[in-house]
Amino acid sequence: MDTDIRQFLTSSDLFLTACRAAFIGTFDRMLSQFLVAGQSVSVESGYLDNVPLLKGCALQIQLELLLQTWGGTAAETDQVPGIEEQCVCFAALEELNRLVCSGNRRLLDRAMQRRQGTASDDFLWMPSKVRAIQVTLPFAAQAAVLSPETGLASEELEAIRVAGGLNRDDLETLLALTGRWRMNSDVLKFCPTLLTEHEQNVLLAFLDEFPDLLLPEGASE
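Take any residue in the sequence shown, note its place counting from 1, add 273, and you have its number in this note's numbering.
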């Protein structure tokens with residue numbers, strides 16, 4: 274990620290909490306989908322549903338993208354965030370906003386477990402703080418326009434994407450995510466800085482139980 278953006282995000286307890294909220298909500302739905310429903314074909318929603326274009330993206334792919342983006346915030350690189358990372362940042366912050374507005378303090382307390390400076394009684398101000406971060410990020414407008422308008426010809430749709438800062442290559446990159454099923458296990462190395470030890474153990478045990486959700490080492494989709 275761009276150095277300034279990376280430093281901004283890594284210094285923000287709210288971004289940490291947002292990524293944890295995205296993980297907790299999405300992984301809890303994975304547990305429900307695979308363990309309770311016995312690999313039901315029904316699609317559970319994850320944090321990337323906050324970007325309607327990515328609605329229906331497999332939950333394990335959503336976790337891969339979340340961990341990959343979280344790891345990227347700590348990477349020493351000047352690389353500008355790609356469209357995938359931009360969407361993850363925007364959607365994770367939106368997930369935290371939804372969680373706060375829902376009034377579910379139990380899940381919010383779980384999301385805030387690894388915070389350093391955010392007070393637990395500060396939740397009433399979180400929505401406005403989340404919005405402030407979202408509009409401050411240089412790619413906020415681009416991520417926000419990713420909504421699949423209906424009833425439009427492809428040329429009109431493309432014109433809207435370009436006007437909002439999204440080109441055809443970015444659009445194709447995002448659409449490709451909705452067709453993926455198996456996650457890259459390399460991203461698990463980023464778990465220790467985001468998840469609690471218990472969460473890591475549960476995630477690894479879950480993936481051991483469902484190895485078909487993981488790509489073979491060195492493979493790609």
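Cβ atoms here follow ideal geometry from the backbone N, Cα and C, with glycine treated the same way. Here the structure is a predicted model, which means the values were calculated and not measured.
Through-space distance from residue j to residue i, alpha-carbon basis
i, j, result
"valine 418", "leucine 380", "With a pLDDT of 49 at valine 418, under the threshold of 50, the modelled position of this residue cannot be trusted; read the value that follows with caution. Going from the Cα of valine 418 to the Cα of leucine 380 covers about 28 Å."
"phenylalanine 479", "threonine 446", "28 Å"
"leucine 245", "asparagine 440", "As displayed, the chain neither begins before 274 nor continues past 494, which places residue 245 out of reach and without an answer."
"aspartate 485", "phenylalanine 307", "12 Å"
"threonine 469", "glycine 355", "27 Å"
"phenylalanine 296", "glutamate 494", "22 Å"
"aspartate 442", "glutamate 357", "12 Å"
"glycine 345", "phenylalanine 463", "9 Å"
"aspartate 481", "valine 309", "17 Å"
"serine 285", "glutamate 472", "21 Å"
"proline 465", "cysteine 292", "13 Å"
Cut-off 7 Å between Cβ atoms - residues of its own chain near residue i, not counting five sequence neighbours on either side
i, result
"serine 420", "At serine 420 the pLDDT is 47, less than 50, meaning the model places this residue with poor confidence and gives no usable figure here."
"asparagine 323", "Ala364, Glu367 and Glu368"
"valine 361", "Leu338, Leu339 and Thr342"
"glutamine 335", "Thr299, Gly319, Tyr320 and Leu321"
"valine 373", "Leu381, Phe396, Met399 and Pro400"
"glycine 376", "none"
"arginine 224", "Past the edges of the chain, shown from 274 to 494, lies residue 224, and the structure says nothing about it."
Same chain, Cβ closer than 6 Å to residue i, five either side skipped, listed in chain order
i, result
"leucine 488", "Arg455 and Asn457"
"leucine 476", "none"
"leucine 282", "Phe288 and Thr346"
Element boundaries [alpha helix (DSSP H), containing residue i]
i, result
"asparagine 323", "No alpha helix (DSSP H) holds asparagine 323; DSSP gives it neither H nor E."
"glutamine 386", "Where glutamine 386 is concerned, there is no enclosing alpha helix (DSSP H), given that its DSSP letter is neither H nor E."
"cysteine 292", "286 to 304"
"alanine 449", "441 to 450"
"arginine 371", "356 to 375"
"glycine 345", "332 to 346"
Reference residue i; option with closest CA among the options
i, options, result
"glutamate 263", "Ala405, Met303 and Val460", "No answer is possible for residue 263: the residues shown for the chain start at 274 and end at 494."
"glycine 329", "Leu448, Pro400, Ser285 and Ser401", "Leu448"
"threonine 451", "Val403, Phe307, Gln333 and Asn440", "Gln333"
"arginine 378", "Ala294, Cys464 and Phe483", "Ala294"
"phenylalanine 483", "Cys292, Ser375, Leu304 and Phe296", "Leu304"
Simplified DSSP state of residue i, which is helix, strand or coil
i, result
"leucine 468", "coil"
"leucine 487", "strand"
"glutamate 429", "Note that glutamate 429 has pLDDT 48, beneath the 50 cutoff, so the model's placement of it is unreliable and no number is given."
Cutoff 8 Å; reference residue i; Cβ partners in own chain excluding five residues on either side
i, result
"arginine 371", "Asn323"
"leucine 287", "Leu366, Leu369, Thr391, Met399, Lys402, Val403 and Ile406"
"arginine 302", "Glu317, Ser318, Gly319 and Leu332"
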